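A quick write-up on the structure given underneath.
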Amino acid sequence: MRGAAGRVFWMVRKELWQLFRDPRLARIVMIAPLLQLLLFGYAVSTDVRETPTIVLDEDRTAESRELVAALTASGYFTWSASAERGADLARALDHGRAAVALAIPPGYAADLAAGRARVQLLFDGTNSNQATVAKGYAERIVQELALARAVAIVGAPAPLELRTRAWFNPDLSSRNYNVPAVIGLLLSLVCQLLTALAVVRERELGTLEQLAVSPLAPGELILGKTIPFALIALGDLVLITTVALAWFRVPLRGSPVLLLAATLLFVACALGLGLLVSTVSGTQQEAFLGTFLIFMPIVLLSGFMFPVASMPRFFQWLTLANPLRHFLVVVRGVFLKGVGWTEVVPQLAAMALLATLLLTLATARFRRDS
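Mapping of the sequence shown onto this note's numbering: residues 72 to 441, in sequence order.
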């Protein structure tokens, strides 16, 4: 193999050999993505299940016990303790022994028969997500119980019945939503970190200057530095997707080819960012810190943790320059919705544009510094 292709091939082979000689980088490539996937799959969950609930039942009737049973039978609440007086509810919420407190006043059964019963639910609002979701579940359960009782008294069917169905994720499992997105997080971190560390290491060893005066053209040098990490990213994609499908049972309803194409565009963006970090870093420690300095804003502005639509308008516009935002739309659509090419053309075009800009800027700075 001769010419430019031969020189790039030689560079790629050298980079891969050096990479797997370094145990630290090898661990980053193979072990870290798998451990982080398992961590995100099991530990990161927004599902609200078995919320600890303390109950103050001052009525102690069959009707009050029916209400408590309806809440606990749903699976969203678990009866953690009973209270003897109102102060016990506040104390349980203050000390974190319960996240929800239910107070049933005396005379509840009589008021229920008269159609004027009231109960009180208190929520620990420090965890706003848990409190909001638990509040919605509790209101729905109480309304269903009240409707069933009204129908039983009247003896006629309910005039209106609401039937709900969740598309694409019937169980509303946060794992199905989070695990595909982890692909983007891990590929972004691995590509940016490895590229930045590899280039800076060459500069520290003094071999980057030798490469600059070698027959390698600047473009060939960039290709030789980035292709190995693109191959590693594709290997990580296969590994993470296999674990997501086989272990976490996340469905893959769309085209693997579309997923691969989107991944290649996203990897190009991540490699461009890694090269940019390497051009402003003098040591591997600076490259490491610089990578994480830009990684956190990328994650926070991607829609992985918080919906983009809930952000202030300025930050919504800012997310358009974030390749991870566009990639998460594609990867979640491919896994859960089974979207095709036409549905994600805007995201693919945005990633292609960002990859071109980042790689062009990184190449220009790299050529100038070399």
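Note that the Cβ used here is the ideal one computed from N, Cα and C, for glycine as well.
Model, not experiment: these values are computed from the prediction.
Which whole-angstrom value is the C-beta distance of residue i and residue j, which I expect to be below 8 angstroms?
| i | j | result |
| --- | --- | --- |
| Leu-216 | Ile-175 | At roughly 13 angstroms, the Cβ-Cβ gap does not stay under 8 angstroms, so Leu-216 and Ile-175 are not in contact. |
| Phe-386 | Leu-323 | Rounded, the Cβ-Cβ distance is 31 angstroms, inconsistent with contact. |
| Ala-339 | Leu-258 | In fact, because the Cβ distance is near 11 angstroms, the residues do not count as touching under 8 angstroms. |
| Val-261 | Pro-104 | 6 angstroms |
| Leu-138 | Val-190 | 7 angstroms |
| Leu-218 | Leu-173 | Actually they do not touch by this definition, with Cβ atoms about 19 angstroms apart. |
| Lys-296 | Ala-269 | 6 angstroms |
| Gly-409 | Gly-325 | 4 angstroms |
| Pro-123 | Arg-156 | Wrong, their Cβ atoms sit about 19 angstroms apart, outside the cutoff. |
| Thr-354 | Glu-275 | 7 angstroms |
Let me know if residue i comes out buried or exposed under the rule of 16 or more other beta-carbons within 10 Å of its beta-carbon.
| i | result |
| --- | --- |
| Gly-374 | buried |
| Ala-304 | buried |
| Tyr-49 | What is shown of the chain runs 72 to 441, which leaves residue 49 out entirely. |
| Arg-489 | The structure shown has nothing for residue 489, since the chain only spans 72 to 441. |
| Thr-197 | exposed |
| Ile-125 | buried |
| Pro-378 | exposed |
| Phe-194 | buried |
| Ser-199 | exposed |
| Ala-415 | Reading the sequence as shown, one finds Val at residue 415 and not Ala. So Val-415 ends up on the buried side. |
| Val-171 | buried |
| Leu-428 | exposed |
| Ala-358 | buried |
| Met-82 | buried |
| Gly-77 | exposed |
| Val-79 | buried |
| Val-351 | exposed |
| Glu-86 | buried |
| Arg-439 | exposed |
| Ala-221 | exposed |
| Leu-294 | buried |
| Ala-420 | exposed |
| Phe-56 | Absent from the model: residue 56. The displayed extent of the chain is 72 to 441, so no value can be given. |
| Leu-360 | exposed |
Given this structure, state the Cα-to-Cα distance separating residue i from residue j, to the nearest angstrom.
| i | j | result |
| --- | --- | --- |
| Arg-384 | Met-367 | 20 angstroms |
| Leu-344 | Leu-430 | 8 angstroms |
| Ala-151 | Pro-251 | One point to set straight first is that residue 151 is Ser, not Ala, in the sequence displayed. Answer to the nearest angstrom: the Cα atoms are 34 angstroms apart. |
| Gly-306 | Trp-412 | 23 angstroms |
| Leu-110 | Ala-154 | 37 angstroms |
| Phe-308 | Gln-214 | Contrary to the premise, residue 308 reads as Leu rather than Phe in this sequence. Using only the alpha carbons, I get a separation of about 46 angstroms. |
| Val-370 | Phe-437 | 26 angstroms |
| Ser-244 | Arg-187 | 37 angstroms |
| Asp-242 | Ala-333 | 27 angstroms |
| Phe-398 | Gln-107 | 19 angstroms |
| Thr-401 | Ala-184 | Per the sequence shown, residue 401 should be read as Val rather than Thr. Distance between the alpha carbons of Val-401 and Ala-184: 53 angstroms. |
| Glu-134 | Val-119 | 26 angstroms |
| Ser-116 | Tyr-147 | 14 angstroms |
| Phe-319 | Leu-432 | 39 angstroms |
| His-166 | Ser-145 | 25 angstroms |
| Ala-237 | Arg-403 | 16 angstroms |
| Thr-362 | Ala-267 | 8 angstroms |
| Gln-418 | Leu-335 | 13 angstroms |
| Gln-356 | Pro-299 | 22 angstroms |
| Val-253 | Ala-161 | 39 angstroms |
| Leu-256 | Met-422 | 15 angstroms |
| Gln-263 | Pro-394 | 13 angstroms |
| Leu-331 | Arg-396 | 17 angstroms |
| Thr-149 | Thr-390 | 39 angstroms |
| Ala-456 | Val-314 | Absent from the model: residue 456. The displayed extent of the chain is 72 to 441, so no value can be given. |
| Leu-292 | Lys-206 | 58 angstroms |
| Arg-211 | Ala-180 | 20 angstroms |
| Ser-349 | Thr-434 | 11 angstroms |
| Trp-388 | Ser-381 | 12 angstroms |
| Asp-93 | Leu-347 | 23 angstroms |
| Gly-24 | Arg-234 | Any property of residue 24 remains undetermined from this structure, which presents the chain solely from 72 to 441. |
| Leu-265 | Ala-426 | 17 angstroms |
| Thr-312 | Val-321 | 9 angstroms |
| Val-100 | Arg-84 | 17 angstroms |
| Gln-201 | Glu-121 | 11 angstroms |
| Leu-424 | Val-328 | 20 angstroms |
| Arg-136 | Ala-158 | 21 angstroms |
| Glu-129 | Arg-98 | 59 angstroms |
What are the partner residues of residue i, as DSSP defines its beta bridges?
| i | result |
| --- | --- |
| Gln-214 | Per DSSP, none; premise fails for Gln-214. |
| Ala-174 | Leu-127 and Gln-191 |
| Ala-152 | Ile-125 |
Under 7 angstroms, Cβ to Cβ, is there at least one residue of chain D near residue i?
| i | result |
| --- | --- |
| Glu-414 | Any reference to chain D falls outside this structure, which holds one protein chain only. |
If you scan the region 76-150 from start to end, which runs of the alpha helix (DSSP H) of 4 or more residues do you find wholly inside it?
List check, alpha helix (DSSP H) in window: 94-114 and 133-144.
Quick one: complete alpha helix (DSSP H) runs, 4+ long, within the region 287-363?
Taking only runs of at least 4 residues, the alpha helix (DSSP H) segments lying wholly in the region 287-363 are 289-317 and 327-350.
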